[in-house]
Each structure stands twice: as C-alpha cells, then as structure tokens.
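Chains as they are written, first to last, in the numbering used here: chain A, 894 to 1005; chain B, 21 to 434. Don't be surprised by glycine CBs; every beta carbon is placed ideally from N, CA and C. As the structure is a prediction and not an experimental result, all values here were calculated from the model. One structure below.
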Amino acid sequence: MLILECPYCGVEAEETELHAGGQAHIKRETVGSDDDAFEHYLFSRANPRGVHLERWRHANGCGKWFHAARSTTTLEVFGTYSAQTFEPPKAIVDAITAKHPNWSFDQWKDLS
Amino acid sequence: MKRYSAFAIAREAFRFHSGWERAWRSPAPKKKYKVIVIGAGGHGLATAYYLGKNHGITDVAVIEKGWLGGGNTGRNTTIIRSNYLQDPSAAIYEKARSLYETMSQDLNYNVMFSPRGVLMLAQTHHEVRGYQRTAYANALQGVKTEFIDAQTVKEICPIMNIDGPRYPVLGGLFQARGGTARHDAVAWGYARACSDMGMDIIQQCEVTGVTREGGEVKGVTTTKGDIACEKLSIVVAGNSSHVAEMAGFRLPIESVALQALVSEPIKPCMDIVVMANTVHGYLSQSDKGEMVIGGGTDGYNNYTQRGSFQHVEETVRALIETFPMLSRLKMLRQWGGIVDVTGDRSPILSKTPLGNCFINAGWGTGGFKAIPGSGWAMAELVATGHSPLTAEFGLDRFKEGRFIDESVAAGVAH
C-alpha cells in the first residue's frame, strides 16, 4: 500500500487516508486565454512513465492539499512537499536526480 | 493456413498430432511496410485484420513490445455488451457486439463467444431512472435491451440477495445478447488470420522512437532496427501517452491500474454476467467454474500493472451483500492492468497532429467488448481517412467541448 507523509501534520498516511488529485504544477488559465490554452489546462496531462509530480489531499486527516514526487514505474516515493510552491524544493529534486540523473523540473514543465 | 475443423482433429488423431502448424509466423521485420500498427493487443490486431479483409491492405506489420495479447487483452474480465446511452458509443459498441456473434466462423478460430446475457443492477433510485432512460435510448438506437424489475432479476439470477440492507436490488438493465468471450482466443484468432493474409506480427520488438519528416510520419525506430512506413497506427492502451510523446503530440489521457480477481472453481451457479455499478463490482462465472470479479481503478497514475490491495477488499466486501455465497469462497488470483482513461471516459479514434499517424486509445476500463468494432472503424479511418463510426471520437472534441459523456450514463464500470 502506498504510504505518503503529509508535510503539514507529519502523519505517515496510507493511501486509504488520502485522496489522489492528479498532476501537480498545472498552470491555470483564465479570462483571455485561447482555446488551445484551455484545452491544455483542462485535459492534456503529462502521464509520464517515470517521475510524476502530483497532488494529494490528506482527506481523512488534516484535510490539506500537498504535493508528492513519485515514480509511476516503480511506485517509489521521492518525497512530499507543500502545495504552496511553483516548483519542487531542492531536497525533492535531489532525491529524484539521485535515481534519475537526467530528470529536471524544466523537462517536466515541457512535458506538462 | 490449414483450417481448423472436426475433420482436422480426426486426421491429426491418426498421426500423433504431428501435423498442426504454428498459428502465426514470427518473421524478422522488413525494411518497409505500407502500414505499421504499434501494439499487438486485441485492438491492434483487429485493426490489421480489417485493413486486410475490408480494404485489401496486407503490407502491414503489427509490432509488439511484449507478447501478443499480453496486456489488457489478457487481463480483462471479458464482458461484452453495448447498452450505452450516447449514440456514438452505442454505434461502435453494437458494431463490435454484432461482429463477436460471427467471429469464430469468420476467423475459423473458436473465441467461445457466449451470449449469456449481461445484467446491470439498479440499486439506487437514481440508477433506476438512469437505466430506464438508457433502455429507451437503446430502443431508438436499435440495441435490444430492457429494464426488468427486481423479481425478474431474482428469477434470472437466483444466487442474488435482492433485499440487501444497504443497497437492495430495485431492478436492472438486461441485454440478453451480451455476454463473454475467451479473451486470449480473440487475440490469437486475429493474429492467425492476419499472418495468413501475409502480415508480419513482430513480438518482443519495442518501439523506441517515431521518425518524422515535414510533419509526416516516415517510420519507427525499434529494438529490432528502423522500419519505414507510409501510415502509422498507435494502439497501445496504457502506454498511449508514452508513444504519443515519441510522435510529438500529447493526449488527454492518464494511465491508472485496474484490477480483477478470480475465486476457486465451483460448480455452475450463475449463467449471466452481473454488473453492480453502485457498489462497484462485476461478476461472472468462467467455463472453468471460477467466479471472475472485476474491481475499481486506483486514483493515481501507475504503469506497474499492480493494483492497490484495499480495492480487492472493497470490491469483494461490496459484492458479498448482494451475493452472500461469495463469502465462503477463497480467492485464487489477483492481477492488474494499466488502462488509459480520457477526460470524458470515452475512447479516442482519431487522426493526430502528425500526418499519416493515427491513434486508437482511451478505451479505459471497457476496451475488450469493443475490439472488433474498434478494429473495423480504425481500419477504415487508416485506409480512407474517414470512418462514420469514429467521427465523434476525434481528438479535437476536447478543444471543442464535444464530449461523449458516458461516465454519467454508465456510472463507473464503463
């Protein structure tokens, strides 16, 4: 069973305590954006084989949204971090690049 | 190709079964093909088969990373039905169901299609209204279904407890000509027929890149060398986003694990397929006697072909209320497959931003029942550039807001 640490309350929560919220760091579109931008924001997803940055909610706990870095091919968790950010903190990036040397957040942004 | 028949069995019985030939060839890839299909699952092989049968295109290679039918084709719960609410879905799924009826004769391969009837239980008043609406829609679409009351449900399926305390059975949507088929045989039958038409099925050959030139596809790079093609059809289910990225476009798809399990074999006790969407489980009995149980998808992206443990418990716990006898059964096996789920839970059969490259993806949790219809339509799209069955399933529907909203119609198990 997937176990993630909630960065807010520090609880090591099992996946039954959590709600998955899909891809993280999506740029929201608003008034004035064109159709392509809206399609991209609403529907296009990175869906990578490998490192995935995603949103989770500690639904049966503190109720807060946070971010997790996880591998979709090994289910390894690289770490969780606050959702109040535009990019993963250095500790998370280091944990990812230790296993995936070619990974970078810029590459992720190209994908997403 | 030697035909399979009762006479062939008798003939081989007299010579120690030494005369059976291989069902399909395993050739080395040629340098160039007219059409390359990536993915030798049911949908990919069906696409190749109808390209040859309906459109006379036999210069085709079907490239498979693993082994033939080893992905979701060999992992699903083999349910075949076409009781969909929306017209575009009903059209393609009913085409598929009707092709299943004659598939064994058509392919000269016994796919064990068993039109035993599919019953979708209504266990809330919302579901009763939803399925009554679907039954009316099906009548207009020419799909034979009917809404039946709880007593009739009990008569059709006596092992069911219709008076459950939490979700009593209030009725059901019954499609008598739905049922099951042998999933491996569907892939094997198509492969044998494709090979017989001179197509190359190349297994254990992973596509590592898509060669592009001037906005058009020129071929693929694989672990068995470069192969050129005029047209490319991507039919890779859970890996659709991965291959689409090689081809330079992105999809409104996320890949998640869906799992199923079977019980120990028992004597025949249920001769229909039952789907219970409110409690989220579906159940049938295989020819071996195992109760085949389908569960739910996980909420997060996953490529590992393993599901979460708690879904097994949730699925079985929910089904036990309606099928109390299940509580005494031991479960034998559990497995997972990676399904490609789109934004509106309906498939994508479409041209792509890359010229002469087509994609068939997004069948999500319900692809097996669609295999022949999907292959029929996809072959037409690849061969002629247009197919009436795929017209509503284009990639552009997401930009235009033209969704085919079946997840509302069919609940979750769709």
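Distance, residue j Cα to residue i Cα
{"i": "VAL131(B)", "j": "ALA116(B)", "result": "14 Å"}
{"i": "HIS37(B)", "j": "ILE29(B)", "result": "8 Å"}
{"i": "LYS957(A)", "j": "ASP987(A)", "result": "25 Å"}
{"i": "GLY327(B)", "j": "GLN916(A)", "result": "19 Å"}
{"i": "VAL206(B)", "j": "SER926(A)", "result": "46 Å"}
{"i": "LEU374(B)", "j": "VAL312(B)", "result": "41 Å"}
{"i": "TRP40(B)", "j": "ASP126(B)", "result": "20 Å"}
{"i": "ALA48(B)", "j": "ILE222(B)", "result": "7 Å"}
{"i": "ARG990(A)", "j": "GLU969(A)", "result": "Note that residue 990(A) is Thr in the sequence shown, not Arg. In a straight line, the C-alpha of THR990(A) is about 13 Å away from that of GLU969(A)."}
{"i": "LEU279(B)", "j": "VAL361(B)", "result": "Here residue 279(B) turns out to be Gln, not Leu, going by the sequence shown. Taking the straight line joining both Cα atoms gives about 14 Å."}
{"i": "ALA913(A)", "j": "LEU895(A)", "result": "11 Å"}
{"i": "GLU514(B)", "j": "TRP383(B)", "result": "Residue 514(B) is absent from the structure shown; chain B starts at 21 and stops at 434."}
{"i": "VAL80(B)", "j": "ARG149(B)", "result": "47 Å"}
{"i": "GLU32(B)", "j": "MET219(B)", "result": "27 Å"}
{"i": "ASP107(B)", "j": "SER997(A)", "result": "45 Å"}
{"i": "PRO344(B)", "j": "VAL336(B)", "result": "10 Å"}
{"i": "THR967(A)", "j": "ALA257(B)", "result": "19 Å"}
{"i": "ALA43(B)", "j": "TYR129(B)", "result": "10 Å"}
{"i": "ILE985(A)", "j": "LYS920(A)", "result": "20 Å"}
{"i": "LEU339(B)", "j": "VAL82(B)", "result": "39 Å"}
{"i": "ASN158(B)", "j": "ASP183(B)", "result": "28 Å"}
{"i": "ALA248(B)", "j": "SER964(A)", "result": "33 Å"}
{"i": "GLU947(A)", "j": "ARG365(B)", "result": "20 Å"}
{"i": "GLN325(B)", "j": "PHE34(B)", "result": "44 Å"}
{"i": "GLU420(B)", "j": "GLY363(B)", "result": "13 Å"}
{"i": "GLU334(B)", "j": "SER46(B)", "result": "43 Å"}
{"i": "ASP928(A)", "j": "GLY137(B)", "result": "44 Å"}
{"i": "TRP208(B)", "j": "VAL332(B)", "result": "30 Å"}
{"i": "ARG197(B)", "j": "PRO982(A)", "result": "56 Å"}
{"i": "ARG942(A)", "j": "MET295(B)", "result": "32 Å"}
{"i": "ARG15(B)", "j": "GLY301(B)", "result": "In this structure chain B extends from 21 to 434, so residue 15(B) is not present and cannot be described."}
Strand pairing of residue i, partner residues [DSSP]
{"i": "ARG963(A)", "result": "HIS945(A) and VAL970(A)"}
{"i": "HIS912(A)", "result": "ARG950(A)"}
{"i": "TYR53(B)", "result": "CYS249(B)"}
{"i": "PRO135(B)", "result": "PRO135(B) pairs with nothing; no bridge assigned."}
{"i": "PRO285(B)", "result": "GLU310(B)"}
{"i": "GLU907(A)", "result": "ILE896(A)"}
{"i": "MET295(B)", "result": "MET140(B) and TYR302(B)"}
{"i": "THR93(B)", "result": "None; THR93(B) has no bridge partner."}
{"i": "VAL276(B)", "result": "ASN321(B) and VAL359(B)"}
{"i": "GLY199(B)", "result": "ILE100(B)"}
{"i": "SER975(A)", "result": "PHE959(A)"}
Residue i: first and last residue of the uninterrupted beta strand (DSSP E) it sits in
{"i": "ARG232(B)", "result": "227–233"}
{"i": "VAL80(B)", "result": "80–83"}
{"i": "GLU236(B)", "result": "236–242"}
{"i": "LEU193(B)", "result": "191–195"}
Cutoff 8 Å: residue i Cβ touching any chain C Cβ
{"i": "GLN195(B)", "result": "The structure shown contains no chain C; its protein chains are A and B."}
Cβ neighbour criterion (16 or more within 10 Å) applied to residue i
{"i": "GLN224(B)", "result": "exposed"}
{"i": "HIS203(B)", "result": "buried"}
{"i": "THR243(B)", "result": "exposed"}
{"i": "CYS177(B)", "result": "buried"}
{"i": "GLU274(B)", "result": "buried"}
{"i": "GLY431(B)", "result": "Confidence at GLY431(B) is low in this model, with a pLDDT of 43, below 50, so the placement of that residue should be treated as unreliable; the coordinate-derived value is given next. That one is buried."}
{"i": "HIS145(B)", "result": "exposed"}
{"i": "ASP318(B)", "result": "buried"}
{"i": "THR385(B)", "result": "buried"}
{"i": "VAL189(B)", "result": "buried"}
{"i": "ALA961(A)", "result": "buried"}
{"i": "GLU114(B)", "result": "buried"}
{"i": "ALA201(B)", "result": "buried"}
{"i": "ALA433(B)", "result": "Because ALA433(B) carries a pLDDT of 48, less than 50, the predicted location of this residue cannot be relied on, and the following value inherits that uncertainty. So ALA433(B) counts as buried."}
{"i": "GLU905(A)", "result": "exposed"}
{"i": "ALA939(A)", "result": "buried"}
{"i": "VAL240(B)", "result": "buried"}
{"i": "THR923(A)", "result": "exposed"}
Limits of the unbroken alpha helix (DSSP H) element including residue i
{"i": "ILE222(B)", "result": "Not the alpha helix (DSSP H): ILE222(B) falls in the beta strand (DSSP E), residues 220–222."}
{"i": "PHE418(B)", "result": "417–420"}
{"i": "LEU127(B)", "result": "123–127"}
{"i": "PHE36(B)", "result": "Careful: PHE36(B) lies outside any alpha helix (DSSP H) and carries neither H nor E."}
{"i": "THR990(A)", "result": "983–992"}
{"i": "VAL263(B)", "result": "260–266"}
{"i": "LEU105(B)", "result": "Looking at the DSSP string, LEU105(B) is not in any alpha helix (DSSP H), and its letter there is neither H nor E."}
{"i": "SER215(B)", "result": "203–216"}
{"i": "ASP928(A)", "result": "928–935"}
{"i": "LYS73(B)", "result": "62–75"}
{"i": "GLY425(B)", "result": "Strictly speaking, residue 425(B) in this sequence is Asp, with Gly absent from that position. Where ASP425(B) is concerned, there is no enclosing alpha helix (DSSP H), given that its DSSP letter is neither H nor E."}
{"i": "LEU1004(A)", "result": "998–1004"}
Which runs of the alpha helix (DSSP H), 4 residues or longer, sit entirely within the stretch 152–183 of chain B?
-> 170–176
Would you mind listing the beta strand (DSSP E) stretches within the stretch 324–390 of chain B that are 3+ residues and don't spill past its ends, in chain order?
-> 351–362, 368–371 and 377–381
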